[in-house]
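Here my numbering = 1-based position in the sequence shown + 19.
In this text, a Cβ means the ideal position worked out from N, Cα and C, and glycines have one as well.
Here the structure comes first, spelled out in structure tokens, and everything after it is commentary.
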Amino acid sequence: MTVLDSISYKEAFETILDNVESTKLTKTLLLHECLGEVLAEDIKATRNSPVFSNSAMDGFGFKHSDNKKFKVIKTIYAGDKYEDFEINKDECVRIMTGAKIPKGIDTVIPIEKCVEVTEEYIVIPDIKKGANVRLKGEEFKKGEILIKKGSQITPETIALLSSQGICAVKVFLKPKIAILSTGNELKEPWESADEEEIYNINSHALKALLLKHGFEADLIGIIPDSLEKTVDFISKLKETYDVIITSGGISFGDADFLYEAYKQNGLKAFFHGIMVKPGRPTMVGKMENTLVFALPGNPISAYINMFALGIPALRKLCGAKDYYFNFIYAKNKSDFKVNPKKDHTALGKLKNGEWEVYKSYKYGSGMITALANSNSLMLLNKGKEIVKSGEILKIVPFNTDFIQKGDFFN
Numbered sequence: 020m021t022v023l024d025s026i027s028y029k030e031a032f033e034t035i036l037d038n039v040e041s042t043k044l045t046k047t048l049l050l051h052e053c054l055g056e057v058l059a060e061d062i063k064a065t066r067n068s069p070v071f072s073n074s075a076m077d078g079f080g081f082k083h084s085d086n087k088k089f090k091v092i093k094t095i096y097a098g099d100k101y102e103d104f105e106i107n108k109d110e111c112v113r114i115m116t117g118a119k120i121p122k123g124i125d126t127v128i129p130i131e132k133c134v135e136v137t138e139e140y141i142v143i144p145d146i147k148k149g150a151n152v153r154l155k156g157e158e159f160k161k162g163e164i165l166i167k168k169g170s171q172i173t174p175e176t177i178a179l180l181s182s183q184g185i186c187a188v189k190v191f192l193k194p195k196i197a198i199l200s201t202g203n204e205l206k207e208p209w210e211s212a213d214e215e216e217i218y219n220i221n222s223h224a225l226k227a228l229l230l231k232h233g234f235e236a237d238l239i240g241i242i243p244d245s246l247e248k249t250v251d252f253i254s255k256l257k258e259t260y261d262v263i264i265t266s267g268g269i270s271f272g273d274a275d276f277l278y279e280a281y282k283q284n285g286l287k288a289f290f291h292g293i294m295v296k297p298g299r300p301t302m303v304g305k306m307e308n309t310l311v312f313a314l315p316g317n318p319i320s321a322y323i324n325m326f327a328l329g330i331p332a333l334r335k336l337c338g339a340k341d342y343y344f345n346f347i348y349a350k351n352k353s354d355f356k357v358n359p360k361k362d363h364t365a366l367g368k369l370k371n372g373e374w375e376v377y378k379s380y381k382y383g384s385g386m387i388t389a390l391a392n393s394n395s396l397m398l399l400n401k402g403k404e405i406v407k408s409g410e411i412l413k414i415v416p417f418n419t420d421f422i423q424k425g426d427f428f429n
């Protein structure tokens with residue numbers, strides 16, 4: 020009979036990260052292909068920004084002095100190319116936003132701020148030297164690091180890459196992931212299920228979770244409840260996939276033989292069992308170069324543990340420098356009881372700075388409505404009997420971002 024470990028949830032989280040190494044494998048992608056990928060190299064500026072000193076406003080450019088009246092000698096539009104020229108103390112140019120500033124001009128006054136404007140001259144009030152002039156290289160200079168290796172590429176990142184004329188970047192390869200479920204009683208959503216059969220929730224929920232976080236996964240199907248077949252099946256999968264995710268089959272039941280099948284394929288477990296409610300029957304380890312997540316069969320437990328333990332590990336695996344959850348402080352809305360001898364993963368709703376656990380934390384790990392009606396997770400270390408109303412908690416939203424390091428446990 021399988022005997023489960025009793026490590027804490029936080030220890031499980033750190034143990035996985037300690038045993039996961041970032042990939043060294045890379046590929047080059049065009050700009051329009053790289054959204055969500057992780058950079059495998061520092062990106063340096065190929066040119067200054069701005070490339071040339073230019074006007075931040077439509078107005079008049081001049082050399083700052085005590086003079087208040089200037090003769091208009093030229094009009095310069097954005098995109099105009101011209102031989103640079105000196106400007107006298109009593110002269111100015113009419114200049115448009117983004118236009119290159121001629122040599123010697125150090126100040127621009129908006130048209131509407133002038134005291135008097137004619138075709139031939141302007142009269143201005145006092146204005147600070149350097150106003151409305153964007154100097155060459157003031158944002159960043161050629162050669163400066165703009166985006167660090169390990170950063171995830173966002174639409175904002177792509178805007179910055181485009182501004183530098185960069186059309187292709189080197190990114191880390193993402194892992195090839197397989198998702199399986201166990202149990203002869205499982206049916207796929209498109210199949211008919213009688214009252215003694217259940218639908219395969221976990222595979223589809225986990226695939227969607229992974230996709231949300233930028234990871235593709237193959238749905239391999241359901242492993243029959245047979246040790247011999249499972250050993251052979253796992254043996255073939257580990258030759259193809261970098262990560263294997265299964266749910267069910269590693270608990271105490273006579274037919275829960277998946278752990279044995281993993282062991283026969285060379286598994287070295289980081290741990291097998293977490294002292295947490297819900298989600299205790301969880302095993303994570305490695306078979307040679309393949310990372311294994313053996314999750315509970317109950318849908319809530321499987322989903323939470325893949326989110327809280329699996330997603331950070333996959334981010335580290337694919338080279339991301341940020342793989343700790345960012346969190347939000349929120350006020351607990353109502354009292355709820357917990358087992359002080361266990362850690363807890365509690366689902367709830369975060370809104371307007373308050374967090375409320377779902378149904379007073381009185382839901383089972385097979386109740387899908389708890390997951391569907393929650394938008395966040397609270398991770399609680401053991402030791403408390405009651406989480407009190409008004410208590411400030413660290414809450415991890417399901418749509419959270421990631422940081423380099425942080426303690427999101429309560």
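Per DSSP, Pro-318 forms a beta bridge with which residues? Sequence index remark: in the sequence shown, residue 318 carries index 299 (1-based). Answer is none; Pro-318 lacks a bridge partner.
Compute the Euclidean distance between the alpha carbons of Leu-36 and Asn-73, then round it to the nearest angstrom. To locate residue 36, count along the sequence shown from 1; it is residue 17. To locate residue 73, count along the sequence shown from 1; it is residue 54. Cα to Cα, Leu-36 sits roughly 48 Å from Asn-73.
Beta carbon of Val-190, beta carbon of Leu-58: below 8 Å? Taking the sequence shown and counting its residues from 1, the one referred to as residue 190 is at position 171. Taking the sequence shown and counting its residues from 1, the one referred to as residue 58 is at position 39. In contact: Val-190 and Leu-58 (Cβ atoms closer than 8 Å).
With a CB to CB cut of under 8 Å and the five nearest residues on each side skipped, what residues in its chain are close to Lys-378? As a first step, residue 378 is located in the sequence shown; it is residue number 359 there, counting from the start. Same-chain partners within the cutoff: Ala-389.
What residue range does the alpha helix (DSSP H) around Phe-32 cover? Mapped onto the sequence shown, residue 32 falls at position 13. Segment 28-38, the alpha helix (DSSP H) holding Phe-32.
Out of curiosity, what's the CA-to-CA distance linking Leu-179 and Ser-170? As a first step, residue 179 must be located in the sequence shown, where it is residue number 160. As a first step, residue 170 must be located in the sequence shown, where it is residue number 151. Approximately 13 Å between the Cα atoms of the pair.
Given 8 Å, three or more beta-carbon pairs between the segment 76-83 and the segment 115-125: Three or more beta-carbon pairs separated by less than 8 Å link the segment 76-83 to the segment 115-125, which places the two stretches in contact.
Check whether Thr-364 and Ile-422 have beta carbons under 8 Å apart: The count along the sequence shown starts at 1 and reaches residue 364 at position 345. The count along the sequence shown starts at 1 and reaches residue 422 at position 403. Their beta carbons are not under 8 Å apart, which means Thr-364 does not touch Ile-422 by this criterion.
If distances are taken between C-alpha atoms only, which option among Leu-336, Gly-338, Tyr-380, Leu-328 comes closest to Ser-353? For the purposes of this step, residue 353 is taken as residue 334 along the sequence shown, with counting starting at 1. The candidate whose alpha carbon is nearest that of Ser-353 is Tyr-380.
Taking DSSP as the reference, what is the three-state secondary structure of Ile-241? Within the sequence shown, numbered from 1, the residue matching residue 241 stands at position 222. Three-state DSSP puts Ile-241 in a strand.
Go to His-232, then tell me how far its alpha helix (DSSP H) extends in each direction, as first and last residue. As a working mapping, residue 232 is identified with position 213 in the sequence shown. Note, His-232: premise wrong, no alpha helix (DSSP H); not H, not E.
Less than 8 Å separating the beta-carbons of Ile-198 and Lys-226? Counting from 1 along the sequence shown, the entry for residue 198 is found at position 179. Counting from 1 along the sequence shown, the entry for residue 226 is found at position 207. Yes, Cβ-Cβ distance for Ile-198 and Lys-226 is below 8 Å.
Residues in the same chain with beta-carbon distance under 6 Å from Lys-29, minus the five sequence neighbours each way, listed in chain order, please. As a first step, residue 29 is located in the sequence shown; it is residue number 10 there, counting from the start. Counting only Cβ-Cβ distances below 6 Å, and skipping sequence neighbours, we find Phe-428.
Going by the DSSP bridge assignment, what does Ala-349 pair with across the sheet? Locating residue 349 in the sequence shown gives position 330, counting from the first residue. For Ala-349, which the question treats as bridged, DSSP gives the partners Leu-412.
Taking the beta strand (DSSP E) that Pro-331 belongs to, which residues open and close that run? Here the question's residue 331 lines up with position 312 in the sequence shown. Where Pro-331 is concerned, there is no enclosing beta strand (DSSP E), although the alpha helix (DSSP H) it sits in stretches over 330-336.
Of the residues Ile-330, Val-311, Ala-321, which one's Cα is nearest the Cα of Pro-300? Locating residue 300 in the sequence shown gives position 281, where the first residue counts as 1. Closest option to Pro-300, judged by alpha-carbon separation, among Ile-330, Val-311, Ala-321: Ala-321.
For Ala-224, count neighbouring C-beta atoms within 10 Å of its own C-beta (all shown protein chains included) and say buried if the count is 16 or more, exposed if not. Your numbering for residue 224 matches position 205 in the sequence shown. It is buried - the Cβ of Ala-224 has at least 16 other Cβ atoms within 10 Å.
Span of the alpha helix (DSSP H) holding Lys-282? Here residue 282 corresponds to residue number 263 of the sequence shown, with the count starting at 1. 277-283 is the span of the alpha helix (DSSP H), which, as asked, contains Lys-282.
Name the residue from Ser-41, Ser-27, Glu-158 whose alpha carbon lies nearest to the alpha carbon of Lys-335. Working through the sequence shown from its first residue, we reach residue 335 at position 316. The closest CA to that of Lys-335, considering only Ser-41, Ser-27, Glu-158, is found on Ser-41.
Ala-339 versus Pro-331, Asn-345, Phe-346, residue with shortest Cα-Cα distance: As a first step, residue 339 must be located in the sequence shown, where it is residue number 320. In this structure, Pro-331 is the residue among Pro-331, Asn-345, Phe-346 with its C-alpha nearest to the C-alpha of Ala-339.
DSSP state of Glu-135 mapped onto helix, strand, coil: Taking the first residue of the sequence shown as position 1, residue 135 is located at position 116. Strand, per DSSP.
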